[in-house]
Amino acid sequence: MLRVDGLSAWYGEAQALRDVSLRVDEGEIVTLVGRNGAGKTTLLRCLTGLHTGASGTIEFLGEDITALGPHKRARRGLGYVPDDRGVFATLSVEENLLLPPARPAKGGGPEAWPLDRVYETFPRLKERRRFSGAKLSGGEQQMLALARVLRTGARLLLCDEPTEGLSPLIVAQIGDILREVKAAGVTVLLIEQNVHFAATVADRHHLLAEGRIVQSMDNDEVRARESELLQYLGI
Ligand code: ATP
161 MLRVDGLSAW YGEAQALRDV SLRVDEGEIV TLVGRNGAGK TTLLRCLTGL HTGASGTIEF
221 LGEDITALGP HKRARRGLGY VPDDRGVFAT LSVEENLLLP PARPAKGGGP EAWPLDRVYE
281 TFPRLKERRR FSGAKLSGGE QQMLALARVL RTGARLLLCD EPTEGLSPLI VAQIGDILRE
341 VKAAGVTVLL IEQNVHFAAT VADRHHLLAE GRIVQSMDND EVRARESELL QYLGI
């Protein structure tokens, strides 16, 4: 579904990614793990087209999208949930959900989730649909951010640390949601520092250090090395 080859990225003179190559297959959940500053967010922003100081190639659903801008990538089914979640504080949950035009991409494209499907998957959002974004807890905001991208018909969700700062109970709920999203046929690439959680929800993991993928692991390997990884990540 996604193939990245030789991706390098810069902020001015400073190089943030070095020759990153990776593949995400349809229906998988893949995580990016790494210390602060390793380049995880830059990698996701390169995939969305938001970071432009980059070289290398990005192929999505068999098409070379390297030269396409963020809007065109989104219309092909690349959804981005940024780490600040981007919830509009003064709008209600339902208004937030109705904001992005849930229109299909050119040539049919991915299937946008109607509101009732969103409420089925996220019952908490249905309960809170008249609340303003500002009144939501961190977990509810994360659910809203995920739901809003699914409304656009995303086929691949790029999520920047969806569990950051959330309590264990809410982290478990986010895990259930990601599994449901996967069951619905949506592929996920997420930044995740909670390696214990990552091994319960994902299929494969890539460890980034200083802008490179230095190791790729399956769940058994992550579980076997959990304490070593947590120590390395400084958690
Ligand atoms: P974190 O979890 O702290 O966000 P990360 O792994 O996502 O870490 P990035 O945010 O991608 O890492 O940062 C990679 C490198 O690029 C770091 O050295 C960082 O200082 C640098 N960097 C990130 N954003 C900018 C920016 N806007 N201008 C200059 N340098 C930046």
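Take 161 as the starting number for the sequence shown in the working numbering and just add one per residue. Virtual Cβ for every residue (Gly too), placed ideally from N, Cα, C.
- The stretch 279-293 and the stretch 313-325 do not touch, with fewer than 3 CB-CB distances between them shorter than 8 Å.
- The shortest C-alpha to C-alpha distance from Val348 to any of Thr191, Phe220, Asp179 is the one to Thr191.
- The Cβ neighbour count for Lys200, taken over all protein chains shown within 10 Å, is at least 16; the residue is labelled buried.
- Counted as a single uninterrupted DSSP element, the stretch harbouring Ile225 is not any beta strand (DSSP E), since DSSP gives it neither H nor E.
- Around the beta carbon of Gln333, 16 or more other beta carbons sit within 10 angstroms, so the residue counts as buried.
- In the structure shown, Phe291 adopts coil according to DSSP, grouped into three states.
- Thr208 has its Cβ no nearer than 7 Å to any heavy atom of the ligand ATP.
- Between the alpha carbons of Leu182 and Ile337 lies a gap of roughly 25 Å.
- Look at the stretch 203-255 and you find these whole runs of beta strand (DSSP E), each 3 residues long or longer: 214-220, 238-241.
- DSSP lists Leu192, Ser376 as the beta-bridge partner residues of His366.
- Contact between Ser168 and Ala198 fails: their C-beta atoms lie close to 14 Å from each other, not under 8 Å.
- The beta carbons of Leu203 and Leu177 sit closer together than 8 Å.
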